[in-house]
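Here's the structure, in structure tokens; my notes come after.
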Amino acid sequence: MPDLVSQSFLPERLTAVSVLRAYRDGFFPMACGDGRLRWFSPDPRGVLPLDAFHLPRGFRRVLPRLDFDVTVNTAFDEVVAGCADRRETWIDPSIARVYSDLHAGRAAHSIEVWAGGRLCGGLYGVQIGGAFFGESMFSRISEASKVALLALVDLLRSGGFGLLDIQWVTGHLESFGAREISRAAYIKRLRDAMQWDCLFPARGPVVVPGLSRDRPRPIAGFAR
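Given below as structure tokens:
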């Protein structure tokens, strides 16, 4: 089946409430590049099964040598700005504003990767129950976004999540176990996962499996 795409609409209509309502129905917003927005619902849909997640051989080999610090929810707006900082982007100011509002309401989260005290990579997404919707990631240093993804999956597993939505499958994400499922199968998984009462770290440093083993850092306290 083809992707479902809405008619374009003005950014003023985009609110935290409308975004959460859309996610519950399997849609997400993207800027069109003409000052307007659309809702998208791909078919097939990209997901990264948490029980099938694995590390590409090359990344697994270099991971113990990477000197990164990883945090959660300490620089959300900076992560969104990093994701938007590319030649072509679907993240316009209205998108950034609404996701910042979602973050303030603890419905959106970020993972930050630091090198020498500077933000060098990260990702952000939205949470509803046991479903996490990965929105975008970026990297200024090799492997930084991969570390952010590894941290996310570890936290989702620890928090008892059931769905990691990645919207579309790319070759990069496929190397970690991502795959496509039909929209009908996705909606079923989504409805199930949204009913779960899951936990995501509130704010602070996190331990990433296989990274900086000689410098363990405590996981921040959990918040609903």
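Heads up, the sequence shown is in my numbering, so the first residue is 7 and it goes up one at a time. Built from N, CA and C at the ideal position, the CB exists for glycine as well. Since the structure is predicted, the reported quantities are computational estimates derived from the model, not experimental observations.
Take the alpha-carbon of Leu217 and the one of Asp73: they are about 8 angstroms apart. Contact between the region 49–57 and the region 179–192 is present: 3 or more CB-CB pairs across the two stretches fall below 8 angstroms. Annotated three-state conformation of Pro70 is helix, per DSSP. In the structure shown, Cys126 adopts extended strand secondary structure according to DSSP, grouped into three states.
In this structure, DSSP gives Val119 an extended state, which the three-state scheme calls strand. Note on Glu18: under 16 other CB atoms within 10 angstroms of its CB, so exposed under the neighbour-count rule. Take Asp75, set aside five residues on each side of it, and the residues of its chain with a beta-carbon closer than 6 angstroms to its own are Trp120, in chain order. Glu186 is bridged by DSSP to Gly52.
Under DSSP, Trp45 shares a beta bridge with Pro35. Counting along the chain, Val175 sits inside no alpha helix (DSSP H), nor does DSSP assign it H or E at all.
Between Phe206 and Gly165 the beta-carbon gap is near 6 angstroms, inside 8 angstroms, which marks them as a contact.
Classified as buried, Ala137 has 16 or more neighbouring CB atoms from the shown chains inside 10 Å of its CB. Fewer than three Cβ pairs drawn from the region 189–200 and the region 122–129 lie within less than 8 angstroms of each other, which leaves the two stretches out of contact. By the criterion of at least three beta-carbon pairs nearer than 8 angstroms, the region 170–177 is not in contact with the region 144–153. Relative to Ser47, the option among Cys204, Asp91, Ser188, Pro215 whose CA is nearest is Ser188. One thing to note: Ala22 has its Cβ no nearer than 7 angstroms to the Cβ of Trp96. Across the structure, Leu156 and Ala114 are spaced so that their CA atoms are roughly 18 angstroms apart. Straight-line measurement puts the Cα of Gly123 at about 19 angstroms from the Cα of Leu69.
According to DSSP, Phe138 shares a beta bridge with Gln133, Leu170. Residue environment analysis places Gln133 among the buried positions, since at least 16 neighbouring C-beta atoms fall within 10 angstroms of its C-beta. One thing to note: Val85 has its Cβ no nearer than 7 angstroms to the Cβ of Ser106.
Minimum Cα-Cα distance from Met143 among the listed residues Asp91, Arg197, Leu26, Phe33 corresponds to Asp91.
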